[in-house]
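Residue 156 in this note's numbering sits at position 112 of the sequence shown; the count goes up by one each step and never skips. Note that beta-carbon positions come from the ideal geometry of N, C-alpha and C, so glycine has one too. Predicted model, so just to flag it, every value in this text is computed and none were measured. A short worksheet on the structure shown next.
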Amino acid sequence: MSIEYPLKPKSTSYLEQGQFWAVPLEQGGFGCGVVLAKLLRQGKTDTRLFFVGLLDWFGEAPPTLNQIKGANIIETGAAHIKSITETGGVIIGSGYNVVGIAREIEKSDFISTWGYNVITRLAERYVTVNKSSKQDDVTSVPS
45 MSIEYPLKPK STSYLEQGQF WAVPLEQGGF GCGVVLAKLL RQGKTDTRLF
95 FVGLLDWFGE APPTLNQIKG ANIIETGAAH IKSITETGGV IIGSGYNVVG
145 IAREIEKSDF ISTWGYNVIT RLAERYVTVN KSSKQDDVTS VPS
């Protein structure tokens, strides 16, 4: 099945491991979400929830595959398909290499379930912490 991007998914039918999207941030710029796996409930594919990862990539423009190739997954959870669409995002590409996670996994109590905006809030928190630590590094350099 050939998928054309950008893709605004209405269900998990067209989601594939390694697809990614830009996570728009309130203060400007973008984070990056990635599809890690489809979720199963009693052996059947969930049509709305999927296993998502937030990458440690942040930029002024939406991500490209080349930019995120070396990025690490910093948060994971089960997210509703609206986590992409309600935050202004669309799937913009595929090819991120997901290591150690099957393409389909059974939903369990060990996977936290995220609200629609959780990935945005997590990305904003990481950007804020990262900026603070960089400022601390700059101010602590002896003159």
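Check                                                                                                       : Outcome
Residue burial classification, A105 (beta-carbon count within 10 angstroms, cutoff 16)                      : exposed
Whole-number beta carbon distance between I135 and L80, since they are thought to touch under 8 Å           : The pair is not a contact, with the Cβ atoms about 14 Å apart (cut-off 8 Å).
Outcome for A146 when other beta-carbon atoms lying within 10 angstroms are tallied against a minimum of 16 : exposed
Residues near K126 by beta carbon distance below 7 Å, same chain, minus five either side                    : Y160
DSSP three-state assignment for Q63, whether helix, strand or coil                                          : coil
Local conformation of L166 per DSSP, three classes                                                          : helix
Start-to-end residues for the alpha helix (DSSP H) that takes in K126                                       : K126 to T129
Per DSSP, the bridge partner or partners of V96                                                             : V79 and G121
CA-to-CA distance, R85 to T258, given in whole angstroms                                                    : The structure shown has nothing for residue 258, since the chain only spans 45 to 187.
Closer than 7 Å: A115 CB and nearest the ligand ATP heavy atom                                              : Ligands are entirely absent from the displayed structure, and the ligand ATP is therefore not among its contents.
Beta-bridge partners of I136, as assigned by DSSP                                                           : The partner list for I136 (beta bridge, DSSP) is empty, contrary to what the question assumes.
Integer-rounded CB distance, given that L98 should sit under 8 Å from K82                                   : No, K82 and L98 are not in contact; Cβ-Cβ is about 18 Å, not under 8 Å.
DSSP three-state assignment for I112, whether helix, strand or coil                                         : helix
Residues that W158 bridges to, as DSSP identifies them                                                      : A123
Three-state class that DSSP yields for T172 in the structure shown                                          : helix
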